[in-house]
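Chains as they are written, first to last, in our numbering: chain E, 1 to 113; chain G, 1 to 113. Where a beta carbon is used, it is the ideal one built from N, C-alpha and C, also for glycine. Input: a single structure, listed below in structure tokens.
Protein chains: 2
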Amino acid sequence: MAKHDTDLSQLFHALADPTRRAILTRLAEGPAPVTELAKPTGLRLPTVMRHLSVLEEAGLIATSKDGRVRTCAMLPEALTPMRTWLDEQRALWEGRLDRLDDYVTKLMEEREK
Amino acid sequence: MAKHDTDLSQLFHALADPTRRAILTRLAEGPAPVTELAKPTGLRLPTVMRHLSVLEEAGLIATSKDGRVRTCAMLPEALTPMRTWLDEQRALWEGRLDRLDDYVTKLMEEREK
DNA sequence: GTCATGCTTAGCCATATTGCTAACTATATA
DNA sequence: TATATAGTTAGCAATATGGCTAAGCATGAC
Numbered sequence: 001m002a003k004h005d006t007d008l009s010q011l012f013h014a015l016a017d018p019t020r021r022a023i024l025t026r027l028a029e030g031p032a033p034v035t036e037l038a039k040p041t042g043l044r045l046p047t048v049m050r051h052l053s054v055l056e057e058a059g060l061i062a063t064s065k066d067g068r069v070r071t072c073a074m075l076p077e078a079l080t081p082m083r084t085w086l087d088e089q090r091a092l093w094e095g096r097l098d099r100l101d102d103y104v105t106k107l108m109e110e111r112e113k
Numbered sequence: 001m002a003k004h005d006t007d008l009s010q011l012f013h014a015l016a017d018p019t020r021r022a023i024l025t026r027l028a029e030g031p032a033p034v035t036e037l038a039k040p041t042g043l044r045l046p047t048v049m050r051h052l053s054v055l056e057e058a059g060l061i062a063t064s065k066d067g068r069v070r071t072c073a074m075l076p077e078a079l080t081p082m083r084t085w086l087d088e089q090r091a092l093w094e095g096r097l098d099r100l101d102d103y104v105t106k107l108m109e110e111r112e113k
């Protein structure tokens, strides 16, 4: 299993949770401290911390502590592998359609003879 | 929690497993029966069946049975919600940069006075 | 120094996930 | 009809996930 494969798994796994996606969406608008991120979720702090560490391990956010406040910020470039995967998948799919197209074209040509 | 939100969760969850992504990649090139999909994974059939049903519930593949053979095919449009989410996320992020830009511009103008 | 605030750690519980084997059904094929 | 093939079902075990409480630590406000 290639390394970027586990990266992708981590990335997709991190995004598979609605709470984590909501946190990311909030962070897309700018950095925020943990407590502020926790408030709209209705979840307890330790639970939110866990979500944050999943996001951090997936490379989707970075955090830093200033005094007793930990500030979280999004790292949007972390989404690139996902975009790449999507594009590869699309290329494969379209390649398949092209081959199908070639095949049909060939069939038609055979018929002409 | 909106409905398309659970869709997204299912979608991301389905894609978070390397075996399932490998199966999808294979299917992007064309339909295949279960046993053929199972072979390269090195996993037992019931395990692969489970992966397939996860993919099917996420809307990523469709299956149909002809005689004793079940054929699986990819449904590439199932990836659209993911693309949409990515685009929304990017829009938010870029909107943030724009606002930052406006803010800086405003600061500069203030300075001019 | 005392107290409130913001986070952190440890650990518990329920459920979900991912693998397996064993046993079964249904369909080709000889 | 007998046998091999393709898939299916049931159920077990290990681990991961997502929630919680309780207790702790560090820092800022009074």
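Query                                                                                                            : Result
Minimum C-alpha distance to E:VAL69 - residue among E:VAL34, E:ALA28 and E:LEU15                                 : E:VAL34
Given G:HIS96 as reference, the closest of E:GLY30, E:TRP85 and E:MET74 once Cα atoms are compared               : Reading off the sequence, residue 96 of chain G comes out as Arg, not His. G:ARG96 has its Cα closest to that of E:GLY30, out of E:GLY30, E:TRP85 and E:MET74.
Local conformation of E:ARG70 per DSSP, three classes                                                            : strand
CB of E:ALA14 within 7 Å of CB of E:ARG20, strictly                                                              : yes
Residue span of the alpha helix (DSSP H) that contains E:LEU45, given as start and end                           : 45-57
Beta carbon proximity, G:ASP7 to chain E, threshold 7 Å                                                          : no
7 Å Cβ cut-off: residues of chain G touching E:GLY30                                                             : ARG96
Run of the alpha helix (DSSP H) containing E:ALA16, from where it starts to where it stops                       : That residue, E:ALA16, is in no alpha helix (DSSP H); it is neither H nor E in DSSP.
Selected residue, minimal CA-CA separation from E:ALA78, among E:ALA58, E:TRP85 and E:ARG44                      : E:ALA58
Beta carbon of E:ALA38 nearer than 7 Å to that of G:SER9                                                         : no
E:PRO33 - DSSP class collapsed to helix/strand/coil                                                              : strand
G:CYS72 versus G:ASP87, G:TRP93 and G:SER53, residue with shortest Cα-Cα distance                                : G:SER53
Nearest candidate by alpha-carbon position, reference E:MET82, set G:ILE61, G:PHE12 and G:LEU24                  : G:PHE12
Own chain partners of E:LEU75 with C-beta closer than 8 Å, once the 5 adjacent residues on each side are dropped : GLY59, LEU60, ILE61 and ALA62
Cα-Cα separation, G:ARG111 to E:ILE23                                                                            : Confidence is the limiting factor: at G:ARG111 the pLDDT is only 47, short of 50, which leaves the residue's position unreliable, though a coordinate-based value still follows. Cα to Cα, G:ARG111 sits roughly 36 Å from E:ILE23.
Cβ neighbour criterion (16 or more within 10 Å) applied to G:LEU55                                               : buried
CB contact below 7 Å: G:LEU15 versus chain E                                                                     : yes
C-beta neighbour in chain E for G:LEU92, strict 7 Å                                                              : yes
Residues in the region 51-81 of chain G having any Cβ partner in chain E nearer than 8 Å                         : MET74, PRO76 and LEU79
Burial state of E:HIS4 (16 or more Cβ within 10 Å)                                                               : exposed
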